[in-house]
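Respectively, the protein sequence lines represent chains R and S.
Going by the working numbering, the letters in the first sequence line up with residues 56 to 168, in that order.
Going by the working numbering, the letters in the second sequence line up with residues 37 to 147, in that order.
Ideal placement from N, C-alpha and C gives every residue a C-beta, glycine not left out.
Here is the structure we will look at.
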Amino acid sequence: KNQVEQSPQSLIILEGKNCTLQCNYTVSPFSNLRWYKQDTGRGPVSLTIMTFSENTKSNGRYTATLDADTKQSSLHITASQLSDSASYICVVTPSGSARQLTFGSGTQLTVLP
Amino acid sequence: NAGVTQTPKFQVLKTGQSMTLQCAQDMNHNSMYWYRQDPGMGLRLIYYSASEGTTDKGEVPNGYNVSRLNKREFSLRLESAAPSQTSVYFCASRGGRHEQYFGPGTRLTVT
Chain R
56 KNQVEQSPQS LIILEGKNCT LQCNYTVSPF SNLRWYKQDT GRGPVSLTIM TFSENTKSNG
116 RYTATLDADT KQSSLHITAS QLSDSASYIC VVTPSGSARQ LTFGSGTQLT VLP
Chain S
37 NAGVTQTPKF QVLKTGQSMT LQCAQDMNHN SMYWYRQDPG MGLRLIYYSA SEGTTDKGEV
97 PNGYNVSRLN KREFSLRLES AAPSQTSVYF CASRGGRHEQ YFGPGTRLTV T
């Protein structure tokens with residue numbers, strides 16, 4: 056069964072610090088890998104998207120990396136802000152099956168002042 | 037553009053009651069989805085609709101029915117609610133590069 060595992064489950068950091076979230080997946084082959092941000096009480100919103108041939112993608116202070124050989128992705132957040140407090144979800148789209156996205160369970164990030 | 041809207045935002049049901057969750061999108065997307073999100077688990081697909089007039093089961097369809105009323109609207113119905121259906125329900129529509137746009141969610145509690 057296709058799986059997406061994220062670590063850590065939760066993370067607490069101080070404002071201004073950097074952090075890195077991890078995503079390991081078994082989905083293969085895949086069309087793309089996305090990172091979503093989900094604020095409390097809201098729906099997920101896409102942050103970055105990478106195809107299997109891309110190994111890095113940035114969106115402001117968010118940088119995602121992808122290693123298709125080891126089936127790992129990471130999301131690096133630079134100079135964290137209080138508004139970064141949210142759940143970050145890794146989502147993989149299998150090739151040829153856009154309906155059957157595989158969602159990770161998310162990393163809950165808390166940024167403290 | 038409102039994007040994806042869902043009603044209601046909160047709902048409490050008693051076991052055996054029925055209800056319909058409403059979803060609408062104004063982005064002219066063909067594909068729409070219903071997910072449930074439970075603590076410690078990833079979003080799980082309940083049903084999806086690739087286009088107006090078509091619907092298909094996802095990973096966890098038991099206890100649910102859907103209707104794709106038109107291109108904009110996709111509703112989810114619980115015929116006889118059970119405590120196991122306590123969850124947060126998200127509707128989504130799909131745009132370019134398989135990006136899914138999510139609604140704000142409906143928090144459902146079944147007692």
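Rounded to whole angstroms, the gap between the alpha carbons of Q42/S and Q77/R is 31 angstroms. Per DSSP, the unbroken beta strand (DSSP E) holding L102/R starts and ends at V100 to T106.
Beta-bridge annotation (DSSP): E60/R is paired with N79/R. Residues of chain S with a Cβ closer than 7 angstroms to the Cβ of S86/R are, in chain order, H134. A check of alpha carbon separations from R130/S across K45/S, M63/S and Q47/S identifies M63/S as the nearest. Beyond the five residues adjoining it in sequence on each side, S142/R comes within less than 6 angstroms, by CB distance, of Q93, G161 and Q163 in the same chain, given in chain order. Residues of the region 92 to 118 of chain R with a Cβ closer than 8 angstroms to any Cβ of chain S, in chain order: G96, R97, G98, P99, V100, S101 and I104. With contacts defined by Cβ atoms closer than 8 angstroms, L57/S and T142/S form a contacting pair. Ranking T122/S, Q136/S and A128/S by CA distance to the CA of F46/S puts T122/S first. Secondary structure at Q121/S: helix, using DSSP grouped into helix, strand and coil. The alpha-carbon of Q64/R is positioned some 25 angstroms away from that of A128/S. Around the beta carbon of M68/S, 16 or more other beta carbons sit within 10 angstroms, so the residue counts as buried. In the structure shown, L105/S falls within a coil segment according to DSSP collapsed to helix, strand and coil. In the three-state reduction of the DSSP assignment, D139/R falls in the helix class.
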